[in-house]
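J.: If you read the sequence shown in this note's numbering, its first letter stands for residue 12, the second for the next number, and so on.
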Amino acid sequence: MTNSYGLGTGLWGPPPEKAAEQFFSYSKEIDLDETLAQVDRVHAACRAVIPNAQSGVAYLKEIQEKADKGEPGSYIRLGDADGNVLFSSLGIYPDLARYNLAKISSIYFGNKDLMVDKLETFTRIVVEACEAADGIGAPERNSVEKSFSGYGETYDVRGKCGFRGVYNYFGQGYDLTRLSQASWTSTWVSRSLLPHYFTLLADRPHVGFITCYEELAGLMKARCNIGAVTEHLTPMQASIAHQTKRRRGLDGDIGHYPEVYEKICEEIAPPAPGTIYIVAAGILSKSYCTLIKQRGGIAIDVGSIADIWMNVKSRPGMEDKQVNEWSLVQPSEQGS
Numbered sequence: 012m013t014n015s016y017g018l019g020t021g022l023w024g025p026p027p028e029k030a031a032e033q034f035f036s037y038s039k040e041i042d043l044d045e046t047l048a049q050v051d052r053v054h055a056a057c058r059a060v061i062p063n064a065q066s067g068v069a070y071l072k073e074i075q076e077k078a079d080k081g082e083p084g085s086y087i088r089l090g091d092a093d094g095n096v097l098f099s100s101l102g103i104y105p106d107l108a109r110y111n112l113a114k115i116s117s118i119y120f121g122n123k124d125l126m127v128d129k130l131e132t133f134t135r136i137v138v139e140a141c142e143a144a145d146g147i148g149a150p151e152r153n154s155v156e157k158s159f160s161g162y163g164e165t166y167d168v169r170g171k172c173g174f175r176g177v178y179n180y181f182g183q184g185y186d187l188t189r190l191s192q193a194s195w196t197s198t199w200v201s202r203s204l205l206p207h208y209f210t211l212l213a214d215r216p217h218v219g220f221i222t223c224y225e226e227l228a229g230l231m232k233a234r235c236n237i238g239a240v241t242e243h244l245t246p247m248q249a250s251i252a253h254q255t256k257r258r259r260g261l262d263g264d265i266g267h268y269p270e271v272y273e274k275i276c277e278e279i280a281p282p283a284p285g286t287i288y289i290v291a292a293g294i295l296s297k298s299y300c301t302l303i304k305q306r307g308g309i310a311i312d313v314g315s316i317a318d319i320w321m322n323v324k325s326r327p328g329m330e331d332k333q334v335n336e337w338s339l340v341q342p343s344e345q346g347s
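#1: Look up F98 in the DSSP assignment and say whether it is helix, strand or coil.
#2: For L204, which three-state DSSP category applies?
#3: Please look up how many angstroms separate the CB atoms of M321 and Y224, rounded, as I've assumed it's under 8 Å.
#4: So, at 6 Å on beta carbons, what are the nonlocal neighbours of G346 in its own chain, with the 5 sequence-adjacent residues on each side left out?
#5: Evaluate A144 with the Cβ neighbour count: other Cβ atoms within 10 Å of its Cβ, from every protein chain shown; 16 or more gives buried, anything less gives exposed.
#6: Return the CA-CA distance between A283 and G81, expressed in angstroms with no decimal places.
#7: If distances are taken between C-alpha atoms only, which option among I147, E139 and P246 comes closest to T196?
#8: Would DSSP call V138 helix, strand or coil?
#9: Is the number of C-beta pairs between the region 206-223 and the region 241-253 that are closer than 8 Å three or more?
#10: Curious, which full-length beta strand (DSSP E) runs of at least 3 residues does the region 246-273 contain?
#11: Can you round the beta-carbon distance between C172 and L107 to whole angstroms, since I take them to be within the 8 Å contact cut?
#12: What is the DSSP secondary structure of V155, reduced to helix, strand or coil?
#13: Tell me the rounded alpha-carbon separation between V96 and S66.
#14: Decide if Q192 is buried, meaning its Cβ has at least 16 other Cβ atoms within 10 Å, or exposed.
#15: So, is Q341 buried or exposed, given that buried needs 16 or more other C-beta atoms within 10 angstroms?
#16: Buried or exposed, going by whether 16 or more other CB atoms sit within 10 Å of the CB of S36?
#17: What residues match up with H243 in a beta bridge as DSSP calls it?
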């Protein structure tokens with residue numbers, strides 16, 4: 012599969028001809044100026060915009076206060092997967108949208124059709140999570156701006172459309188008063204919190220974990236002197252399982268949705284108001300975070316930070332120094 016534009020042809024799974032053609036039409040119709048205006052409209056609607064450099068300390072303070080007062084909360088992040096769900100739901104450029112969403116679906120679930128077929132469900136999950144959130148991490152303005160340059164063999168169409176898609180959806184025609192309760196910051200807030208997670212969880216009477224790592228809750232309990240832990244285990248994301256040689260290729264549904272998803276949704280039950288939950292479950296983290304808040308807990312969507320704690324380099328941007336500093340295990344202990 013390739014295209015005559017040379018767009019993304021140096022990467023895995025480049026867009027086919029029609030999707031590449033629609034990408035350029037999309038970039039012309041919703042151009043840089045309009046997209047940045049959408050970013051600014053979203054920022055203006057939120058209760059605060061927190062620079063990434065300040066987000067870790069700001070989140071630490073806010074979440075500590077909520078936990079100490081027994082108040083619920085939800086702190087989520089929007090990445091390119093969420094952005095592509097939102098973009099696809101707009102009903103524009105169908106070949107481009109389907110290409111992006113099928114690729115995301117393969118990466119997350121090992122099933123290229125799942126998110127395409129269940130688009131309405133995944134859109135609802137993402138939008139409801141945003142409307143319930145106290146804090147939203149999302150693609151930064153400069154990342155969106157950079158997505159309008161560098162078109163070529165190494166241009167990641169899926170990723171860049173996801174960056175823009177967040178703002179295409181919320182910044183045009185959406186009732187932004189629904190986001191007025193949330194602060195807005197970088198999607199990298201999860202990494203900005205790295206120096207603070209252990210402090211945040213230290214000596215808590217109870218912490219919940221929703222991740223794919225069965226050892227993580229126990230390791231964190233010992234590291235942070237947590238009184239008790241509750242864990243809900245998910246299947247490992249297909250791409251990470253492939254990368255760490257736990258499976259071969261991206262074909263074959265991992266079984267997270269709907270089977271495990273529905274079970275976890277039923278089981279989520281914070282033992283006390285303000286109980287903190289660490290959530291790392293891909294795009295379905297958004298739904299788990301919403302439910303945790305609705306049931307009185309505080310949800311923190313940490314994403315790939317769970318991989319760092321388990322010494323799994325799951326992302327290209329993960330530096331050895333960062334993983335080594337915050338890992339709770341040695342590589343041989345978790346089989347990577």
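C-beta atoms are modelled at their ideal positions from N, C-alpha and C, and glycine is treated no differently.
Just so you know, these numbers come straight off a predicted model, no measurement behind them.
T.: From the atom records:
#1: Helix, per DSSP.
#2: Judged by DSSP in its simplified three-state form, L204 adopts coil rather than helix or strand.
#3: Correct: roughly 5 Å between the Cβ atoms.
#4: Below a pLDDT of 50, predicted positions are generally treated as unreliable, and G346, at 46, falls in that range; the measurement from the model is reported next regardless. No residues qualify anywhere along the chain.
#5: Buried, by the Cβ-count rule.
#6: Taking the straight line joining both Cα atoms gives about 8 Å.
#7: Distance check between T196 and each of I147, E139 and P246 places I147 closest, using alpha-carbon atoms only.
#8: Reduced to three states, the DSSP call for V138 is helix.
#9: Proximity of the region 206-223 to the region 241-253 meets the contact definition, three or more beta-carbon pairs being nearer than 8 Å.
#10: Entirely contained in the region 246-273, not one beta strand (DSSP E) run reaches 3 residues.
#11: Between C172 and L107 the beta-carbon gap is near 7 Å, inside 8 Å, which marks them as a contact.
#12: In the structure shown, V155 sits in a helix (DSSP, three-state: H, G or I).
#13: Distance between the alpha carbons of V96 and S66 is about 25 Å.
#14: Under this definition Q192 is an exposed residue.
#15: Q341 should be labelled exposed.
#16: S36 should be labelled exposed.
#17: In DSSP, H243 forms a bridge with I221.
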